[in-house]
Amino acid sequence: MLKKYNKAMLLTVAACLSVSSLVACSSKNTTTGGSTSPASTTAAVATTTGPKPELRSLQIWQQEDYNTYPVAKFLEQKTGYKVKYDMLPQDKPQDKMNILIASGEPYDVITSVGGTDFKALYADYAKKGALVDLGPLIDKFGPNIKSAVDPEALEAAKVDGKLYAIPTKSIPTTSSSLYIRQDWLDKVGMKTPTTLDELVAVLKAFKEKDPGGNADKNIPLTVRGDAPFIDNIVGAFGMPNFWNNVNGKLTPRIQDPAYKDYVNFAQDLFKQGLIDKEFAANKDATAKEKFTSGRAGIIMLNWSDVPVIIDALVKNVPTAKANYLPALKGKDGKIGLSANQGFDRISFIPKASKHPEDAIKWMNAKLEKDTFKGMAIGEENKHFTFKDGAYTPIQPIFTDERNRANNFLMGTDDKNYPTYWQARVRKDLRLFEAWKFMNVTEANVRVLDPLGFAPYLPEFSKNFQQLNVMVGDYTTKLLFGAEPLSGLDAFIAKYKSSGGDASVKEVNDWYATAKK
Amino acid sequence: MHKKTLSDWSLDFCIYLVLLLCGLATLLPLANILSKAVSDESSVVSGKVGIFPVGFQLETMKYVVSSSQFLHSIGISLLITVVGTVLAILVTAITAYPLSKRHLPGISFIMLLFIFTMMFNGGIIPNYLLMKQLHLINSLWSLMLPALISVFNMLVIKSYYESLPEALEESAKMDGARNFTILFRIILPLSVPVIATIALFYAVYFWNDYFHPMLYINDAGLKPLQLYLRDIVLNADSSNALNKSTDDLMNTSPEGVRSATVIASIIPMLLVYPYLQKHFVKGVLIGSVKG
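Each protein sequence line maps, in turn, to chains P and R.
At the far end of the first sequence sits residue 1603, using our numbering, and the numbering has no gaps.
At the far end of the second sequence sits residue 314, using our numbering, and the numbering has no gaps.
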């Protein structure tokens, strides 16, 4: 047995040992760091005259390996740069990106998605000096970047007036709306509803006249539990997006004067049994199951799911037909479908990059007109055909070789890309019809997300997710009657103090300057 | 043996019933996933697939199993598991041996150093930096080297060594054996039960490790199975539409493919486990009889 005194001494020795080993370790770090950096600078100098260096690019997750994907080979031929691609995991990519940036992993380009979370990370890196200022580099080596990328998008990607990233604009799309069983409508002898009142009448008919032959198991309208704001219906109350313009000020739904009206309306639907009784427990898959098994008349659905849903539906009910409802009009004529806009991807160059100039040259070369088109949708008559201004994919080679091409984009040819892009939707006619109905036929009622091109707003970014969940949960409870609407004021007070007020102020300060 | 009475029978019946229910409860989710993997996609989407497949087909399984990424990941996982386990057992057994000799000078101090690492470690970032300085990022060694010795496992082996009679070694020494001979020809063959148990611990650890590959491996060609699985299984849910671009939404993998991937990935373990477990159980039995 050791005496207490001995034990204490041993512990100190152990602690000293571990500390000294840490010190030894770090001193070794600095020496190796010192010896590699001159080598790398000489390499960088050599590249200006010698052959092009191999670049390292960090991308977001995709199912296939970037390095063996046909687009990679195409780009290597066209730009002359050999690129080694790595990818972030699908699960919590932010954490991994933070580690890679913090440890100074020498990537030449990092491409992340362009949503609020990542915009916030990007702005944070830029402010902490972890990124290369691209302005001077683009002036020198990036003529295509200047001419192809929408100047407004470049402006919106700036942090403190300096550009640190090449933004890839997303194609503005309305993705979700109400999808209705046309054959049910025909059976109950009604026309496609265009107003809220007509919608209620149709839902009642679906419930009472039993067009699906399910007796009292008919579900007139099914939605997911996490989507108490039913797309298209909220539009009729003037709140298609999370934030909407109310008398010139951007207002979150919960503080929108129309919120009460919407809740009353939806509550009423629920009480009458017109909304799925189990909607609060519905997951995405359960709502789809109810629709495809022939029990539900209307579902809130993304157009990207249409082919799978219609296949399953027709298999179960061979006579079934379904299509999207047009945008519904509210009492005072309000109407609207939410459409996202903003950045699909952002690509930036970390300070640790060994070849920032070549990275810009590479991105510039990718935006050369023909190269860009070839990267995005391939070669004419091999991957696609072009007729009457429309690009149609040739299958299966288009899917095999260009399906993931969107992940290789770093900035787009913003004048032409929306047209090229439609080739992707035309890979399935039903997909195209669904997309076209919401985004071309109904284009005039689309309401673009006003915050899409907002710069990094710290308060907003910090709180938006938590606040959205809070409002969503609360609204779900209101709809099925677990909370009385009389508690709304108390909830709003809680919302405001949980970051809601700060967000509203910050968003509107920006909005006031952006409108000018 | 007395004759079974009615109450004995009913007790037996209850025990069997409970065991049967427990067994079924663990089997059901597996059966559900298996059925989804071999049913056609329409039936899966409309929620018809429960325990039995509806619209049986093997195309999805074929697609998954023949996918080069999947085969690659399985290969990587097998490699890490086999090489890692063998090395880990070797290192752990060798480390435990001298530590089991109480007469060795400074032994308690060295033990303390080991135990210290059980309670404190550097954390994610220092570990990452260490791997980076050792140039092990994007190398499979980063998944094996840090795990070669688990102090807990080492202690288990050490205490087993200590239970062996010391006279055994003395007689070997008298016959002229030196330390290595004693360890490899006398001690280790006697330690098969504990070695088998620990080997299983290590193998399961290496096979299941998800976190470290996530940290250290960026190269898609080096991804072990767990990482690949996580990516595939997560790649769905249009309810997550806000965070996905339009193109991503069109490219989500169907439920059937995800189920098939999960099934295909457990097949190797299903093949190996019963075989391993037989040895494992036998090994423990020998140990307890001798104990």
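Ideal placement from N, C-alpha and C gives every residue a C-beta, glycine not left out.
Please read all numbers here as calculations on a predicted model, not as lab measurements.
Worksheet entry | For N1493(P) and Y298(R), the rounded distance between their alpha carbons | Sequence index remark: in the second sequence, residue 298(R) carries index 275 (1-based). Sequence index remark: in the first sequence, residue 1493(P) carries index 406 (1-based). If I take the Cα positions, the gap works out to 46 Å.
Item to complete: Name, please, each residue of chain P whose Cβ falls closer than 9 Å to the Cβ of V253(R).
Response: Within the second sequence, residue 253(R) is the residue found at index 230, counting from 1. Contrary to the premise, residue 253(R) reads as Arg rather than Val in this sequence. Contact note: R253(R) reaches chain P through P1176, Q1177, D1178, using a C-beta cutoff of 9 Å and chain order.
Worksheet entry | T1128(P) in three-state terms, based on DSSP | Translated into the one-based positions of the first sequence, residue 1128(P) becomes position 41. In this predicted model, T1128(P) has a pLDDT of only 38, less than 50, meaning its place in the structure is not dependable; the value taken from the coordinates is given anyway. It is helical.
Practice prompt. Examine the ligand GDP and report whether any of its heavy atoms sits within less than 7 Å of the Cβ of D1313(P).
Written response: Among the components modelled here there is no ligand, and therefore nothing to report on the ligand GDP.
Worksheet item: Where does E1467(P) sit, in a helix, a strand or coil, going by DSSP?
Response: As a working note, residue 1467(P) is residue 380 in the first sequence. Here E1467(P) sits in strand by DSSP.
Discussion item. I'd like to check one pair, A1521(P) with Y1598(P): are the Cβ atoms closer than 8 Å?
Written reply: To locate residue 1598(P), count along the first sequence from 1; it is residue 511. To locate residue 1521(P), count along the first sequence from 1; it is residue 434. Going by beta carbons, Y1598(P) and A1521(P) fall outside the 8 Å limit.
Discussion item. Contact between the stretch 1423-1434 of chain P and the stretch 1250-1267 of chain P is defined here as three or more beta-carbon pairs at a separation below 8 Å; is this criterion met?
Written reply: yes
Discussion item. Starting from V87(R), trace the alpha helix (DSSP H) in both directions and tell me its first and last residue.
Written reply: The sequence position of residue 87(R) within the second sequence is 64, counting from 1. Here the alpha helix (DSSP H) through V87(R) covers 82-89.
Fill in: Cβ neighbours of A1240(P) in the same chain (closer than 8 Å, five flanking residues each side left out)
Working through the first sequence from its first residue, we reach residue 1240(P) at position 153. Around A1240(P): P1254, K1256, F1430, D1501, F1540.
Worksheet item: Cβ of R1311(P) within 8 Å of Cβ of P1394(P)?
Response: Position 224 of the first sequence, counting from 1, holds the residue named residue 1311(P). Position 307 of the first sequence, counting from 1, holds the residue named residue 1394(P). Contact flag unset, no.
Worksheet item: Buried or exposed: K1347(P), going by 16 or more other Cβ atoms within 10 Å of its Cβ?
Response: In the first sequence, residue 1347(P) corresponds to position 260, counting from 1. Looking at its Cβ environment, which holds fewer than 16 other Cβ atoms inside 10 Å, K1347(P) is exposed.
Fill in: Collapsed DSSP secondary structure at Y1478(P) in the structure displayed
The residue given as residue 1478(P) occupies position 391 in the first sequence. Y1478(P): strand per DSSP, three-state reduction.
Discussion item. Can you find the residues in the same chain that come closer than 6 Å, C-beta to C-beta, to V1170(P), ignoring five residues on each side of it along the sequence?
Written reply: Looking up residue 1170(P) in the first sequence gives position 83. Result list for V1170(P): L1142, S1144, in chain order.
Worksheet entry | A283(R), buried or exposed, once every other Cβ within 10 Å from all chains shown has been counted against 16 | For this step, residue 283(R) is matched to residue 260 along the second sequence. If you draw a 10 Å sphere on the C-beta of A283(R), you find 16 or more other C-beta atoms in it, and that means buried.
Worksheet item: Grouping DSSP H, G and I as helix and E and B as strand, with all else coil, what is Q1146(P)?
Response: Sequence index remark: in the first sequence, residue 1146(P) carries index 59 (1-based). Three-state result, Q1146(P): strand.
Worksheet item: At a Cβ threshold of 8 Å, is W1148(P) touching chain R?
Response: Taking the first sequence and counting its residues from 1, one reaches residue 1148(P) at position 61. Chain R, which has a Cβ nearer than 8 Å to the Cβ of W1148(P), makes this yes.
Worksheet item: According to DSSP, what are the bridge partners of F1435(P)?
Response: Here residue 1435(P) is taken as the residue at index 348 of the first sequence, counted from 1. BP columns for F1435(P) point to I1197(P), A1252(P).
Worksheet item: With 16 as the cutoff for other CB atoms within 10 Å, does S96(R) come out buried or exposed?
Response: By one-based count along the second sequence, residue 96(R) stands at place 73. The residue in question, S96(R), is buried, as its Cβ has 16 or more Cβ neighbours within 10 Å.
Worksheet entry | Interface positions of the stretch 184-208 of chain R facing chain P (Cβ-Cβ less than 8 Å), listed along the chain | none
Practice prompt. Tell me whether H258(R) sits in a helix, a strand or coil according to DSSP, three-state version.
Written response: Numbered from its first residue, the second sequence carries residue 258(R) at position 235. It should be noted that the sequence gives Asn, not His, for residue 258(R). Coil at N258(R), not helix or strand.
Discussion item. If I measure Cβ to Cβ from F224(R) and keep anything under 8 Å in the same chain, skipping five residues before and after, which residues do I get?
Written reply: If you number the second sequence from 1, residue 224(R) lands on position 201. Around F224(R): S173, N176.
Fill in: Run of the alpha helix (DSSP H) containing V215(R), from where it starts to where it stops
Counted from its first residue, the second sequence places residue 215(R) at position 192. Segment 215-231, the alpha helix (DSSP H) holding V215(R).
Worksheet item: By DSSP, does S237(R) sit in helix, in strand, or in coil?
Response: For the purposes of this step, residue 237(R) is taken as the residue at position 214 of the second sequence. According to the sequence provided, residue 237(R) is Met. The question's Ser does not apply to it. M237(R): helix per DSSP, three-state reduction.
Practice prompt. Determine the closest residue to E64(R) out of T49(R), A54(R), E82(R), with distance taken between C-alpha atoms.
Written response: Position 41 of the second sequence, counted from the start, is the residue given in the question as residue 64(R). Of the candidates T49(R), A54(R), E82(R), the one whose C-alpha sits nearest the C-alpha of E64(R) is E82(R).
Worksheet item: Which of helix, strand or coil does DSSP assign to T1338(P)?
Response: Taking the first sequence and counting its residues from 1, the one referred to as residue 1338(P) is at position 251. In this structure, T1338(P) counts as strand in the three-state DSSP scheme.
Fill in: Amino acids of chain A, ordered along the chain, whose beta-carbon sits closer than 8 Å to that of Y1153(P)
Annotation note: the requested chain A is absent from the structure, which comprises protein chains P and R.
Worksheet item: Are the C-beta atoms of M273(R) and some chain P residue less than 8 Å apart?
Response: One-based indexing of the second sequence puts residue 273(R) at position 250. So, interface residue.
Discussion item. Applying the 10 Å Cβ sphere with the 16-neighbour rule, what's the burial state of P216(R)?
Written reply: For the purposes of this step, residue 216(R) is identified with residue 193 of the second sequence, where counting begins at 1. Under this definition P216(R) is a buried residue.
Discussion item. So if I threshold CB-CB distances at 9 Å, which residues from the stretch 280-293 of chain R count as touching chain P?
Written reply: none
Worksheet item: What does T1260(P) reach in chain R if we use C-beta pairs closer than 7 Å?
Response: Residue numbering aside, residue 1260(P) sits at position 173 when the first sequence is read from its first letter. Correct list: T269.
Practice prompt. Specify, as a first and last residue, the run of the alpha helix (DSSP H) that I1447(P) falls within.
Written response: Residue 1447(P) sits at position 360 when you count from the first residue of the first sequence. Unbroken alpha helix (DSSP H) run through I1447(P): 1443-1453.
Worksheet entry | For L166(R) and P236(R), believed in contact at Cβ under 8 Å, the rounded distance | In the second sequence, the residue the question calls residue 236(R) occupies position 213. In the second sequence, the residue the question calls residue 166(R) occupies position 143. With 8 Å as the limit, P236(R) and L166(R) qualify as a contact, their Cβ atoms being about 6 Å apart.
Item to complete: Figure out for me which residue from V256(R), V41(R), K71(R) has the closest Cα to the Cα of N55(R).
Response: The residue given as residue 55(R) occupies position 32 in the second sequence. Taking only the C-alpha atoms, the option nearest N55(R) is K71(R).
Worksheet item: Would the beta-carbon of I209(R) fall within 8 Å of that of A190(R)?
Response: Here residue 209(R) corresponds to residue number 186 of the second sequence, with the count starting at 1. Here residue 190(R) corresponds to residue number 167 of the second sequence, with the count starting at 1. Their beta carbons are not under 8 Å apart, which means I209(R) does not touch A190(R) by this criterion.
Worksheet item: For the candidate residues M1525(P), K1514(P), N1526(P), G1420(P), whose alpha-carbon lies nearest to that of D1487(P)?
Response: The residue you call residue 1487(P) lines up with position 400 of the first sequence. Residue K1514(P) is the option with its Cα nearest to D1487(P).
Worksheet item: For A1407(P), is the classification buried or exposed, using 16 other Cβ atoms within 10 angstroms of its Cβ as the cut-off for buried?
Response: One-based indexing of the first sequence puts residue 1407(P) at position 320. Classification for A1407(P): buried.
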